[in-house]
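Colleague:
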Amino acid sequence: MKEILIIDDDEVHISKIRDALKFAYRDVKITNKKGTKNIFNTILPTDFNMIIVSYKNDIKLANLIINEAINLDKNLKVIIYSYFDDQNSILNLLHLPAAAIVLKQDSYNCLVRAFKGLDIETPQLSNKVIKTLIQLHHQAFAMHFEPIKSLTKRENDVLIELVKGSSNKEIARDLNISSFTVADHIKSMFSKLNVSSRGAVIAYGLNQRQMH
C-alpha cells in the first residue's frame, strides 16, 4: 500500500488529486494536511511514500518542505502541485528537487499519467512545463543565431522558424505573412544556399548556429 500526504487546503483540487491517485495506484492511503502549520511534525516520522506539496505563492517554503522531506527519506517522492503556470513560476519550480511538477490546470488523465510514471522512476513534468522549456530553447536559438548574409532579413526569420520545427502555416501566422510567401522564401533559400530540400535548409541553419 502506498501512503501519500497531500499538503493543500483547497477541497476542489484535493478531490481531483485523490481521484487520480486512487486510479493510478488502487491500493493507497491518502492523508490531507491543510496548511503548513506544524508541517514537519506531520512528516515525522516519515511513513509516507509520496508527498504532494501545493505551490501557491511561497517558493522558499515549498523548497524548505521538499528538502526537509528528502533529508528524512531519500526514497521519498515529492511532487509539486502548482497553482501558477506562468513562465517565471515554472522556471522557479524547475530549481526545486521534486520528482514531478504538475499544474492546477492539468487534466485528471494528465495527473494519472504523472503518478503512474513515478512508479517507473521517471521524472514527470506537466505538458505545459515541457512546452515552456521548448519555447525557452527556441528563444535561446533565436538569440544565438547569426543571420546568413546571403539571405534577406525575412528569409533569415523564416529559417529560424524552420529550425524550430514550425510548419508553413505556423510560420505564416507568427511572421504575419501568407503561406504562399513562406513557400517563396523557402524556394529562394534553396537557390541561395545551394540545397534542394527543406531538411537541408534546416540542417544548414543548425550548422550556422553551431559555428557561432
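The numbers in UniProt numbering rise by one with no breaks, and the one at position 173 of the sequence shown is 173. All residues carry an ideal CB built from backbone N, CA and C; glycine is no exception.
So residue 50 is in the beta strand (DSSP E); what residue range does that whole segment cover?
Modeller: Your numbering for residue 50 matches position 50 in the sequence shown. Taken as a continuous stretch (DSSP letters only), the beta strand (DSSP E) holding residue 50 covers 50-55.
Colleague: Closest to residue 58 by CA distance: which of 98, 51 and 84 is it?
Modeller: Working through the sequence shown from its first residue, we reach residue 58 at position 58. Taking only the C-alpha atoms, the option nearest residue 58 is 84.
Colleague: Rounded to a whole number of angstroms, what is the C-alpha to C-alpha distance between residue 4 and residue 49?
Modeller: By one-based count along the sequence shown, residue 4 stands at place 4. By one-based count along the sequence shown, residue 49 stands at place 49. Taking the straight line from one Cα to the other gives about 6 Å.
Colleague: Under 8 Å by Cβ, that's how I've got residue 118 and residue 124 pegged, so tell me the actual separation to the nearest angstrom.
Modeller: For the purposes of this step, residue 118 is identified with residue 118 of the sequence shown, where counting begins at 1. For the purposes of this step, residue 124 is identified with residue 124 of the sequence shown, where counting begins at 1. About 6 Å separates the two Cβ atoms, so the contact holds.
Colleague: How long is the line joining the alpha carbons of residue 72 and residue 78, rounded to whole angstroms?
Modeller: Sequence index remark: in the sequence shown, residue 72 carries index 72 (1-based). Sequence index remark: in the sequence shown, residue 78 carries index 78 (1-based). Their Cα atoms are separated by approximately 12 Å.
Colleague: Can the beta-carbon of residue 171 be found closer than 8 Å to that of residue 155?
Modeller: Taking the first residue of the sequence shown as 1, we reach residue 171 at position 171. Taking the first residue of the sequence shown as 1, we reach residue 155 at position 155. Cβ distance not < 8 Å, so residue 171 and residue 155 don't count as in contact.
Colleague: Hey, out of 88, 199, 179 and 187, whose CA is closest to residue 217's CA?
Modeller: With the chain running from 1 to 212 in the structure shown, residue 217 is simply not present.
Colleague: Using only the alpha-carbon positions, how far apart do residue 195 and residue 104 sit?
Modeller: Taking the first residue of the sequence shown as 1, we reach residue 195 at position 195. Taking the first residue of the sequence shown as 1, we reach residue 104 at position 104. Looking at the two C-alpha atoms, the distance is approximately 47 Å.
Colleague: By the three-class DSSP mapping on this structure, what secondary structure does residue 195 have?
Modeller: Here the question's residue 195 lines up with position 195 in the sequence shown. In the structure shown, residue 195 sits in coil (DSSP, three-state: anything other than H, G, I, E or B).
Colleague: Return the residue from the list 22, 202, 163 and 55 that minimises the CA-CA distance to residue 81.
Modeller: As a first step, residue 81 is located in the sequence shown; it is residue number 81 there, counting from the start. Measuring from the Cα of residue 81, the nearest candidate turns out to be 55.
Colleague: Exposed or buried, which one is residue 91 when buried takes at least 16 other CB atoms within 10 Å?
Modeller: Working through the sequence shown from its first residue, we reach residue 91 at position 91. Residue 91 is exposed by the Cβ-count criterion.
Colleague: If you follow the beta strand (DSSP E) that residue 3 is in, where does it begin and where does it stop?
Modeller: Counting from 1 along the sequence shown, the entry for residue 3 is found at position 3. Segment 2-7, the beta strand (DSSP E) holding residue 3.
Colleague: Can you check DSSP and say which residues form a bridge with residue 31?
Modeller: By one-based count along the sequence shown, residue 31 stands at place 31. According to DSSP, which records beta bridges pairwise, residue 31 is partnered with 5.
Colleague: May I ask you to report which of helix, strand or coil DSSP gives residue 164?
Modeller: By one-based count along the sequence shown, residue 164 stands at place 164. Three-state DSSP puts residue 164 in a helix.
Colleague: Name the DSSP bridge partner or partners of residue 82?
Modeller: On the sequence shown, position 82 is the one that residue 82 refers to. Note: residue 82 sits in a beta bridge opposite 55 and 103.
Colleague: Going by CA-CA distance only, name the one from 62, 30 and 74 that's closest to residue 15.
Modeller: As a working note, residue 15 is residue 15 in the sequence shown. The shortest C-alpha separation from residue 15 is found at 30.
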